[in-house]
Structures are given as structure tokens and as C-alpha cells.
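The listed protein sequences correspond, in order, to chains A and B.
So for the first sequence, the numbering used here puts the first residue at 1; every next one is plus one.
So for the second sequence, the numbering used here puts the first residue at 1; every next one is plus one.
Note that beta-carbon positions come from the ideal geometry of N, C-alpha and C, so glycine has one too.
Read through the structure below, which is laid out as C-alpha cells, and then see the notes.
Number of protein chains: 2
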Amino acid sequence: MNMGPEKVFFSSLATAKRARVDEALDRLLPREDEAPRNVHAAMRWSVFAGGKRFRPILVLTVGETFGAPEEQLLQTACAFELIHTYSLIHDDLPSMDDDDLRRGKPTCHVKYGEAAAILAGDALQTLAFEIVSGDDQLSFETRVRLISEISRAAGTPHGMVAGQEHDLEAERKQIDYQHLEAIHRSKTGALITAAARCGAIIAQCSSSDLATITDYGSNLGLLFQITDDLLDVTSTAEALGKTPGKDARAHKATYASVFGIDQARERAQQAHNDAQAALKRINQPTDNLCAIADFLLTRES
Amino acid sequence: MNMGPEKVFFSSLATAKRARVDEALDRLLPREDEAPRNVHAAMRWSVFAGGKRFRPILVLTVGETFGAPEEQLLQTACAFELIHTYSLIHDDLPSMDDDDLRRGKPTCHVKYGEAAAILAGDALQTLAFEIVSGDDQLSFETRVRLISEISRAAGTPHGMVAGQEHDLEAERKQIDYQHLEAIHRSKTGALITAAARCGAIIAQCSSSDLATITDYGSNLGLLFQITDDLLDVTSTAEALGKTPGKDARAHKATYASVFGIDQARERAQQAHNDAQAALKRINQPTDNLCAIADFLLTRES
């Protein structure tokens, strides 16, 4: 496969950070040989099922852009991956999206049973908050701000759980552009935006930089979801690690189904432009943040 | 019904506190007419299904014993009820304990469907952490300590989720006394102990008082579980608000099945004595804390 220069750049950046995140996750997660083994094995199965670590990389990259050392960012970065993984486990359950395959592997409930999958998701959410509250490299004030950000982004009425419910309710319904964007702003956008914000908060950046990063993060979230929807239509199972075309069969409203592929691509390009425009307002080198946006626009999985 | 003096005392104490907790929960929970309505309705359904508010009352009573004003305790008290309610919703699911009735009413998934029940539990857990992190009556340090306590008590390897998994694994197995107590120390004991500790932490009590309260709380947790198991055997559906005899039919290991009823009653009396003995080491009036232990020993629902 040929990669353009922006992909090579992101790829080396991401590979290094992903390895550091994976090491930290391994250290922070309970061991499989510690009871309750079944739940711990299920937690680890889903966390180490081959995720891109997009949210942790975003925390690290934003934080480092504003001068925070990696070790102060790493636990919060992992907390985002735990929240994300918990949501995947619960969303895949039979009563929700009923997915058997995720990242090319059996989903958590297929491998460990529904009860263990529900508990593993529950415990991953709890662990995310435990990790941030216990991160003694950060001031108490910073930890409280991070927990407040993560909880609002994960819950209702404007966070991830709200988005999943809106998404379930929208199945088999004709929905318009505003409705679709509202779903995704909460379902995936809120957590991605919060990841960007938390990197900036740990770096104690100014409130105007935080506002800019919020703008960047929110466009990144939109871009992420549009390209995710497009990949479901255009990609192969091999590249995607899950069955493509699933959204259409589930009668899910997606950017591809609401806009058509060409217009969805234009909308992705616009979100990319808006993210890049936000970065121009920052007085720090933002090459790595640019690379994340470039990667999302052109990704193939 | 005739009530002994200890029940009258606890009853009036509990009624007043329960009303304050319910008001606060109503204020803190998202409104049913705010989207996602189905999940918000499911959250409220389970929170307001008639719980005794035992954990919040414990937070309030311990905190007030050591001089904390009620308004500083109330949000943390509510956070415990939200964590407890989330665990009930998930434990009742078909793949877990498969319960249709809770406190005399249809369980959350029976009333709102499994997807909404899973999401309502998820969102209640998130909200618990959001509430504590946002409680600006407390210092940042106190909030971090509370979140750390709650998350350890709710998660794995020693908290509530671990206990639920141990409990599921123990079904249809012969288990001994040590194993049973280990299950319940995590499944119900950890959160009850943490509720007592968090009241003491908000009141900024000394570390020796905190250790004493931990001892009291852990005996209270044991007492709570033993009398819960006994009520499942000896009570009527009307008094209990759920189908009695359910544990035996599910082949659950309980204090009644492992010890027999008489010995389980003795074990309850011992836990009560130990809780009272702990309170004698505290240099504050502990009448209300005594009343809670008395109530648990003699409760009928």
C-alpha cells in the first residue's frame, strides 16, 4: 500500500504513542489471573482487541502541543480508552446493536457471555474514574476538572449514552441532517472533544486556547464520524475488521445514507478545513494536530 | 404493626432524611421531558421505585455525627444511591439475575426494554461521578478522595462489580463460609463501607475515627447482607416488595443456605455487636449510628 506523506507522518507519530498507551493500559488494568478472572479477562479482551487508540493519542498530542509532559497525560489518555471500550462492549450487546464481530474478533459478549460483558463494561467505566482520581501527578483541581469533563461527555443529556439512545431511536426512521448531526455530536463527538480538551486542561493552557481546542476537537469528532460512516459503505471487511454494510442493513441513519457518498465526502472536507482553521489560531507548532485531522480525512480503516 | 423503640427512633430519623435525599435526587437527575426521554424516564423509574435510601442515610448520619452540615453531604449521599440503583438495574437484566419485580414494581428492563435499561444503568453510574466532581461546596481534595473511594467500592477487584461476578459464579456451587463472606464483602459490603467512610471524609474526621467508621461500616454491610438473605427466606412478598424464596430457586449461596437460619441470626447478632463496639470508640454522640445498626438487625423489609 502506498501512503501519502501525511499518512507516513501520522503513522510514525501514532505508532509510538499507541505503544506507550498500550503499556500504560496493561499496567492500569487488573490482571487476568486476579479474581474475578472472567470479568478481568473480558475487560482485557476488549481493550486489547486492536483499537487505534485515537482518543488517547488525541489527549497526548493536544497536551504535548501545549507543553505537558507525556507522563502527566498518559493516565487520562487511558481513561478515555476505557470509557470508549466500555461503550463498544455495551453497544455490541444483543439488545443494542447486536454485533458479533469487532475489529476482526468476536465481540466481548460472544466470547465471554452477556453477563460478563455487561460487568466488564461497567467495571471499565468505573476504572476510568478511579485512574483519574488516583493520578497523583496532577493537582486535585485538575483531576476534578478532568472527571467533570469525562463524565459530562460520557453521560446524558449531551454525552455518549444520550447519543447511543438517540441512535437506537433513529433506526428505521427518516431523519434530517440536523438530527443526524445532533446524534453524532453526542454519540462520538462529545468524547472526542473532551479528549482534546482534557489534554489542554492538563497542560493548563489559556481559556482562549481551550476554546480553540474545543472547536478543533468538535470538528475532528464530526470528521471522525463521517469517515466512519463512509468506510462502512466503501471499505472491505478485511480493511475494516468488521462486516461493512452493517449500518445500511440495520437501517441506521448515517452521513452516507442521509447525504449520499459525494456530499458526505464534501462535508468531511469541510470539517477538516474547519479543524485546520482552528489550529491556525494557536501560537504553538501544531503539525501533529494537523496530522491527526489529515489522517482522519484520508483513513482507510 | 407494633414497633419497638429502636424502630420508632430509626423510622423518624430515616423518614426525614429520606425526604431530603429524594428532593436532592429529583433535582440532580435529568428531567423526563429532556431527551433522551426514554433513558431519563428509565433512570427515574428505578431511582424512585421506593428504595430505602440506606446508603445515603448512612453518608448523612456518619457525616453529621462528626459535624458536617447536611448540605455538604447530600450530593455525595445521592451519588451512592445512583451507584446502587445502577447496579440493581444491571443485576436484574435477563442475562444476570433475570428479575421481573423489584420493590413491588416491574424492573427497569421489563418496563423500558433491555437497551434503555443498560443505558440507564450506565448513565446513572456516570452521573454519580459527575455529581461529586461538580460539588463546589467541597474542596478539590475532598472531591478527589470521595471519587477514589466510590470508584474502588464500585469496581473490581474488590468492589461491587467483582462481587456480582463472584455471586454469579457461585450459583449452583457448594461454597463455604469464607467464600460467601468474600462475595458479600465486595458485592454489598464495599459500597456500604464506602458510604460510611465518605460521610466521615466530608466531615474531615481524624484518621483514627475514619478507621473506626470503616470497622462500623464493614460490620453494617455484613449485617445488611445477612438480614437480606434471611428476609428472602422468612418474609412475605407483600412485606418484601419482591418475590421471596428467589435465592433458593436460583440456587444462590446465602447466609441462610450456608449456615441455616438460626446460625445466620447469630452471625447477624455478632455483626451488630461488633458495629456497636466500634461506635463506643468514638467521642461523639452516636445514637443515630446505633439506631441504624439496630434497624438492620430487626428490619422486616
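- Here the stretch 8 to 27 of chain A makes no contact with the stretch 92 to 101 of chain A; the two share fewer than three CB pairs at distances below 8 Å.
- Contact of Ile118(A) with chain B by beta-carbon distance below 9 Å involves His90, Leu93, Ser95, Met96, Ile118 and Gly121.
- DSSP places Lys17(B) within a helical segment (H, G or I) once states are collapsed to three.
- When C-beta atoms of the stretch 29 to 39 of chain A are compared with those of the stretch 155 to 164 of chain B, three or more pairs fall below 8 Å, so the two segments count as touching.
- Runs of the alpha helix (DSSP H) lying entirely within the stretch 229 to 292 of chain B, each at least 4 residues long, are 237 to 240, 246 to 249, 255 to 259 and 261 to 279 in chain order.
- With fewer than 16 other Cβ atoms from the protein chains shown falling within 10 Å of its own Cβ, Asp287(A) counts as exposed.
- For Ile202(B), none of the residues of chain A pass the 8 Å Cβ criterion, the least Cβ distance being about 15 Å.
- With a cutoff of 9 Å on beta-carbon distance, Met43(A) and Thr156(B) are scored as near each other.
- Ser133(B) reaches chain A at Val144, Ile147, Ser148 and Ser151, counting residues in chain order whose Cβ is nearer than 7 Å.
- When DSSP states are grouped into helix, strand and coil, Lys105(B) belongs to the strand group.
- In this structure, the alpha-carbon of Asn273(A) lies about 12 Å from that of Leu222(A).
- Interface residue (Cβ-Cβ distance to chain B less than 9 Å): Tyr216(A) is not classified as such.
- The stretch 79 to 87 of chain A makes contact with the stretch 111 to 129 of chain A: 3 or more CB pairs, one atom from each, lie closer than 8 Å.
- Unbroken alpha helix (DSSP H) runs of no fewer than 4 residues, entirely contained in the stretch 123 to 179 of chain A, are found at 140 to 154 and 160 to 170, following chain order.
- If you draw a straight line from the Cα of Arg145(B) to the Cα of Ala200(B), it comes to about 11 Å.
- Straight-line measurement puts the Cα of Ile175(B) at about 58 Å from the Cα of Ala275(A).
- Ala271(A) and Asn219(A) have their C-alpha atoms some 5 Å from each other.
- The beta carbon of Leu58(A) sits closer than 6 Å to the beta carbons of Ala195 and Ala196 from its chain, once the five residues preceding and following it are set aside; these are given in chain order.
- Rounded to the nearest whole angstrom, the CA to CA distance from Ser235(A) to Arg299(A) is 11 Å.
- The C-beta of Gln125(A) comes closer than 9 Å to at least one C-beta of chain B.
- Among the residues facing chain A, Pro36(B) is included, as its CB has a counterpart in that chain under 9 Å away.
- Closer than 9 Å to the CB of Phe129(B) there is at least one CB belonging to chain A.
- Spatial neighbours of Gly63(B) in its own chain (CB-CB distance under 6 Å, excluding positions within 5 residues in sequence) are listed in chain order as Leu73, Gly199, Ile202 and Ala203.
- Out of Arg103(B), Ile150(B), Leu231(B) and Glu32(B), the CA that lies nearest to the CA of Gln75(B) is found in Ile150(B).
- Using a Cβ-Cβ cut-off of 9 Å, Pro106(B) does not count as an interface residue toward chain A, since no Cβ of chain A sits closer than that to its own.
- Listed along chain A, no residue sits closer than 8 Å to Pro69(B) by beta-carbon distance, the nearest being about 21 Å off.
- Of all residues in the stretch 151 to 184 of chain A, only Ser151, Arg152, Ala154, Gly155, Thr156, Pro157, Gly159, Val161, Ala162, Gln164, Glu165, His166, Leu168 and Glu169 place a beta-carbon less than 8 Å from a beta-carbon of chain B.
- Minimum Cα-Cα distance from Leu168(B) among the listed residues Gln178(B), Ala153(B) and His184(B) corresponds to His184(B).
- Bounds of the alpha helix (DSSP H) holding Gly63(B) are Phe54 to Thr65.
- Along the stretch 23 to 49 of chain B, going in chain order, the ones with a CB nearer than 7 Å to a CB of chain A are Pro30, Glu34, Ala35, Pro36, Asn38, Val39 and His40.
- Taking C-beta atoms as the reference points, Tyr177(B) and Gln225(B) fail to come closer than 9 Å.
- Within chain A, the residues whose beta carbon sits less than 7 Å from that of Glu141(B) are Phe140, listed in sequence order.
- From the beta-carbon of Ala253(A), no residue of chain B is found nearer than 8 Å; the closest lies around 15 Å away.
- Interface criterion met: the Cβ of Ala115(A) is under 9 Å from a Cβ in chain B.
- Rounded to the nearest angstrom, the gap between the Cα atoms of Val132(B) and Val132(A) is 14 Å.
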